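Participant: Heads up, the sequence shown is in our numbering, so the first residue is 7 and it goes up one at a time. We put the CB at the ideal spot given by N, CA and C, even for glycine. Note that this is a predicted model, so its numbers are computed, not measured.
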Amino acid sequence: MNIILVGLPGAGKTHTGRILARKLKKEFVDLDREIEKETGLTIKEIFARYGERYFRRLEVKKLQELFKLQNAVIATGGGTVERMDARKKLKNLGLVVYLKASPEVIIRRFIDLESRPILNHGDPLEKLWELYRRRDKFYREVSDIAINTEGKGSSEVADAILKTLTIDGLRFPRKLYINLAENGYPVYFGEKVALKAGEFLKEKVSGKKILIVSQENIFGLYGKTLEESLTKEGFKTDVFFLPQGEVAKSMEYILQLYDKAIEFGLRRHDTVMAFGGGVVGDATGFFAATYLRGINFVQIPTTLLSMVDSSVGGKVGINLPQGKNLVGAFYQPKMVFIDTIYLKSLPRREVLAGLAEVYKAFLIAEESLAEWLSGVNLNKLRPRDWQRIIKAAVKIKAKVVSLDEREEGLRAVLNLGHTIGHAIEGVHGFSGILHGEAVALGILWEAKLSKDLGYLREDEWEKIREFIEKNYAYLKLSLNPDGLLVFMDKDKKNREDIAFMLLKKIGEYPENVEIKREWLSNWLTLNFS
Numbered sequence: 007m008n009i010i011l012v013g014l015p016g017a018g019k020t021h022t023g024r025i026l027a028r029k030l031k032k033e034f035v036d037l038d039r040e041i042e043k044e045t046g047l048t049i050k051e052i053f054a055r056y057g058e059r060y061f062r063r064l065e066v067k068k069l070q071e072l073f074k075l076q077n078a079v080i081a082t083g084g085g086t087v088e089r090m091d092a093r094k095k096l097k098n099l100g101l102v103v104y105l106k107a108s109p110e111v112i113i114r115r116f117i118d119l120e121s122r123p124i125l126n127h128g129d130p131l132e133k134l135w136e137l138y139r140r141r142d143k144f145y146r147e148v149s150d151i152a153i154n155t156e157g158k159g160s161s162e163v164a165d166a167i168l169k170t171l172t173i174d175g176l177r178f179p180r181k182l183y184i185n186l187a188e189n190g191y192p193v194y195f196g197e198k199v200a201l202k203a204g205e206f207l208k209e210k211v212s213g214k215k216i217l218i219v220s221q222e223n224i225f226g227l228y229g230k231t232l233e234e235s236l237t238k239e240g241f242k243t244d245v246f247f248l249p250q251g252e253v254a255k256s257m258e259y260i261l262q263l264y265d266k267a268i269e270f271g272l273r274r275h276d277t278v279m280a281f282g283g284g285v286v287g288d289a290t291g292f293f294a295a296t297y298l299r300g301i302n303f304v305q306i307p308t309t310l311l312s313m314v315d316s317s318v319g320g321k322v323g324i325n326l327p328q329g330k331n332l333v334g335a336f337y338q339p340k341m342v343f344i345d346t347i348y349l350k351s352l353p354r355r356e357v358l359a360g361l362a363e364v365y366k367a368f369l370i371a372e373e374s375l376a377e378w379l380s381g382v383n384l385n386k387l388r389p390r391d392w393q394r395i396i397k398a399a400v401k402i403k404a405k406v407v408s409l410d411e412r413e414e415g416l417r418a419v420l421n422l423g424h425t426i427g428h429a430i431e432g433v434h435g436f437s438g439i440l441h442g443e444a445v446a447l448g449i450l451w452e453a454k455l456s457k458d459l460g461y462l463r464e465d466e467w468e469k470i471r472e473f474i475e476k477n478y479a480y481l482k483l484s485l486n487p488d489g490l491l492v493f494m495d496k497d498k499k500n501r502e503d504i505a506f507m508l509l510k511k512i513g514e515y516p517e518n519v520e521i522k523r524e525w526l527s528n529w530l531t532l533n534f535s
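1. So what does DSSP say about Val-193, is it helix, strand or coil?
2. Note down, one range per segment and in chain order, each alpha helix (DSSP H) of at least 4 residues found wholly within the segment 62 to 145.
3. In angstroms with no decimal places, state the Cα-to-Cα distance between Asn-185 and Lys-94.
4. What does the alpha-carbon distance come out to for the pair Ile-173 and Val-199?
5. Any idea which residues DSSP pairs Phe-336 with across the strands?
6. Check whether the Cβ atoms of Ala-81 and Thr-155 lie closer than 8 Å to each other.
7. Would you call the CB atoms of Gly-323 and Asn-331 closer than 8 Å?
8. Rounded to the nearest angstrom, how far is the Cβ of Glu-65 from that of Ile-41, given a contact under 8 Å?
9. Could you pull out every residue in the same chain whose Cβ sits closer than 6 Å to the Cβ of Lys-397, ignoring the five residues on either side in sequence?
10. Identify the continuous beta strand (DSSP E) that holds Lys-482 and give its terminal residues.
11. Can you give me the start and stop residues for the beta strand (DSSP E) that Gln-305 sits inside?
12. Out of Ile-268, Tyr-461, Glu-222 and Ala-295, point me to the one whose CA is closest to Leu-248's CA.
13. Kindly say whether Phe-246, judged by its beta-carbon, lies nearer than 8 Å to any beta-carbon of chain B.
14. Check whether the segment 442 to 450 touches the segment 219 to 238, taking contact to mean three or more Cβ pairs, one atom from each stretch, closer than 8 Å.
15. Would you decide whether His-275 is buried or exposed? Buried here means 16 or more other CB atoms lie within 10 Å of its CB.
16. In its own chain, which residues sit with a C-beta less than 6 Å from the C-beta of Tyr-461, not counting the 5 before and 5 after it?
17. Going by DSSP, what residues sit across from Ala-505 in a beta bridge?
18. Which residues bound the beta strand (DSSP E) around Asp-36?
19. If Val-12 and Val-79 are in contact, beta carbons under 8 Å, what's the gap, nearest whole angstrom?
20. Val-107 and Ala-164 look like a contact to me (Cβ under 8 Å); what is the Cβ gap, rounded to whole Å?
21. What are the complete alpha helix (DSSP H) segments, minimum 4 residues, inside the segment 195 to 272?
22. With distances taken between CB atoms, is the gap from Asn-518 to Ala-362 smaller than 8 Å?
23. For Met-7, which of helix, strand or coil comes out of DSSP?
24. To the nearest angstrom, report how far apart Trp-529 and Gly-334 are at their CA atoms.
25. What residues are listed by DSSP as bridge partners for Leu-182?
26. What does a CB cutoff of less than 7 Å around Ser-437 pick up in its chain, not counting 5 residues either side in sequence?
27. Do Leu-455 and Ile-370 have their CB atoms nearer than 8 Å?
28. Closest by CA to Ile-474, which one among Ala-376, Ile-306 and Asp-244?
29. Taking the alpha carbon of Met-7 as the point to measure from, which residue in Glu-44, Leu-14, Glu-464 and Leu-99 has its own alpha carbon closest?
30. Taking the continuous beta strand (DSSP E) assigned at Gly-282, which residues delimit it?
31. May I ask you to verify whether the segment 341 to 357 touches the segment 489 to 505, counting CB pairs closer than 8 Å and requiring at least 3?
32. By DSSP, does Phe-343 sit in helix, in strand, or in coil?
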């Protein structure tokens, strides 16, 4: 994991970075020095000849090159955060640490102001205060951790960072950043990372109230510990329980949630936190999008399915009797915490339900991972293996969502298995079968549809069939073709005909194909009668 240091000129990024890199046995990279080596000019000369805007463009270019690094400590320039594209790159490059100090403290550290071109005009202290007022919000935006460096030497600051890098002795969780035009957010991974939610959140929101939306079973196991970690950080909490199952995704319970929020005194700058599986996340997200026209929303998914699918991407919604997710919105969370400790209490059926979405992600983007997953013994997977699997699946979804936030094109590739899967859920009244189980069957039959229409090779269809039958043979369902077609007709992805994502090759994005109702009816009758 890369560690990136940000802060004002003189905050100690270079000295601290060298010490930290040595302690962690990581490579040290100084962004300013890298630019000087490449251009053959000092920073002062670049500013004098070409101006600050040119230098900032060089910073963004160099940041992009640093993405090849996986295990470095990187000291940035004080103004690297000025450009939005640079901030996005910083967030996705690794763990970002903000070294904080007041301008009065920093000015006493300078020996050679000549080497600081941005401070060469006018009163240096006034200039530093101007920079602080302009940049502090950007440092806070990009950072995961803030360290006060006042009264500390560089070695002490490095030790403070090292201490913050652990949670109960475990290394700081890895992070992905969902890059969106306006509402990007971090996704944190690791065991016990959810207990850091309050610490991270208080840097990003001004409100002090958090309404936790959960279900009694999962909250009974882990909820009190989570609530205590939030109150420890100064938040006032309350809890609202949804019932088990898809019934929770109904307007009846959303109205009850509105009442609870008003009773609790929840304001727009406060936060609602989804603590549970996909049903909890979807319903809570819909509430967050509509209450006071939108409030802060945090996702802590507790099932494998919600970790790899519904917690990331911002699609929130509730069901109507006529179909699944027919009322909803695109509303992004403030942050997501994927804590693998919750997998320890997950029933095997729930694990397999989540596995279907993992397999789908690998089918559409990573052939080698799909092949590996087909041969793995699930019972022998260790917690660290699950962390890698989850992160790999989320990374695939994050890339798609970043390119198509509102499902205007590319994002539809994530719907592989969902046209038939949602219909299977529908004919079972959205009960008795888990969403992931229905998606597994949907993948099976949509892969066969892809083969029957000449999109997918026979041998690749056989690989998919073997995987689904090996893991989901316990699903013995009697499916009526006419009933399936009724729900497919109502699918929100349809335009004129019925829309499917058809696989052309394992490991490549599927193709959006609309199929005539009459032809589909005959195919369903042939395969499901």
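Facilitator: Let's see:
1. Against the sequence shown, residue 193 aligns to sequence position 187. Three-state DSSP puts Val-193 in a strand.
2. 90 to 99 and 109 to 115
3. To locate residue 185, count along the sequence shown from 1; it is residue 179. To locate residue 94, count along the sequence shown from 1; it is residue 88. Cα-Cα distance, rounded: 7 Å.
4. Numbered from its first residue, the sequence shown carries residue 173 at position 167. Numbered from its first residue, the sequence shown carries residue 199 at position 193. Reliability fails at Ile-173, whose pLDDT of 47 lies under 50, so the model's placement of it is uncertain and the value that follows must be treated cautiously. Rounded to the nearest angstrom, the two C-alpha atoms are 8 Å apart.
5. Counted from its first residue, the sequence shown places residue 336 at position 330. DSSP output for Phe-336 lists Lys-321 as bridge partner(s).
6. For the purposes of this step, residue 81 is taken as the residue at position 75 of the sequence shown. For the purposes of this step, residue 155 is taken as the residue at position 149 of the sequence shown. No.
7. Numbered from its first residue, the sequence shown carries residue 323 at position 317. Numbered from its first residue, the sequence shown carries residue 331 at position 325. For Gly-323 and Asn-331, yes; Cβs fall inside 8 Å.
8. As a first step, residue 65 must be located in the sequence shown, where it is residue number 59. As a first step, residue 41 must be located in the sequence shown, where it is residue number 35. Indeed they touch by this definition, with Cβ atoms about 7 Å apart.
9. Working through the sequence shown from its first residue, we reach residue 397 at position 391. These residues qualify, in order along the chain: Phe-195.
10. Numbered from its first residue, the sequence shown carries residue 482 at position 476. Taken as a continuous stretch (DSSP letters only), Lys-482 belongs to no beta strand (DSSP E), as it is neither H nor E.
11. For the purposes of this step, residue 305 is identified with residue 299 of the sequence shown, where counting begins at 1. Element bounds for Gln-305: 302 to 307.
12. The count along the sequence shown starts at 1 and reaches residue 248 at position 242. Of the listed residues, the one whose Cα sits closest to Leu-248 is Glu-222.
13. Chain labels in this structure do not include chain B; a single protein chain is all it has.
14. no
15. For the purposes of this step, residue 275 is taken as residue 269 along the sequence shown, with counting starting at 1. Result: exposed.
16. Here the question's residue 461 lines up with position 455 in the sequence shown. The residues are Leu-508 and Lys-510.
17. Counting from 1 along the sequence shown, the entry for residue 505 is found at position 499. Beta-bridge pairing links Ala-505 to Glu-520.
18. Counting from one through the sequence shown, the residue named residue 36 turns up at place 30. Looking at the DSSP string, the run of the beta strand (DSSP E) that includes Asp-36 is 33 to 36.
19. Counted from its first residue, the sequence shown places residue 12 at position 6. Counted from its first residue, the sequence shown places residue 79 at position 73. Contact doesn't hold; Cβ gap of about 12 Å is too wide.
20. Counted from its first residue, the sequence shown places residue 107 at position 101. Counted from its first residue, the sequence shown places residue 164 at position 158. In the sequence as presented, Val is not what sits at residue 107; that position holds Ala. Not quite, the Cβ-Cβ distance comes to about 15 Å (not below 8 Å), so this is no contact.
21. 203 to 207, 230 to 238 and 257 to 270
22. Counting from one through the sequence shown, the residue named residue 518 turns up at place 512. Counting from one through the sequence shown, the residue named residue 362 turns up at place 356. It is not a contact, given that the beta carbons lie outside the stated cut-off.
23. Within the sequence shown, residue 7 is the residue found at index 1, counting from 1. Residue state, collapsed to three classes: coil.
24. Along the sequence shown, one-based indexing puts residue 529 at 523. Along the sequence shown, one-based indexing puts residue 334 at 328. Approximately 31 Å, taken between the alpha carbons.
25. By one-based count along the sequence shown, residue 182 stands at place 176. Bridge partners of Leu-182: Val-193.
26. On the sequence shown, position 431 is the one that residue 437 refers to. Closer than 7 Å at the Cβ level, and outside the excluded window around Ser-437, lie Gly-251 and Glu-252.
27. For the purposes of this step, residue 455 is taken as the residue at position 449 of the sequence shown. For the purposes of this step, residue 370 is taken as the residue at position 364 of the sequence shown. Their beta carbons are not under 8 Å apart, which means Leu-455 does not touch Ile-370 by this criterion.
28. Translated into positions along the sequence shown, residue 474 becomes position 468. Minimum Cα distance to Ile-474 is reached at Ala-376.
29. On the sequence shown, position 1 is the one that residue 7 refers to. Out of Glu-44, Leu-14, Glu-464 and Leu-99, Leu-99 has the C-alpha closest to the C-alpha of Met-7.
30. Your numbering for residue 282 matches position 276 in the sequence shown. Start and end: 277 to 282.
31. no
32. Counting from 1 along the sequence shown, the entry for residue 343 is found at position 337. Phe-343 falls in the strand class under three-state DSSP.
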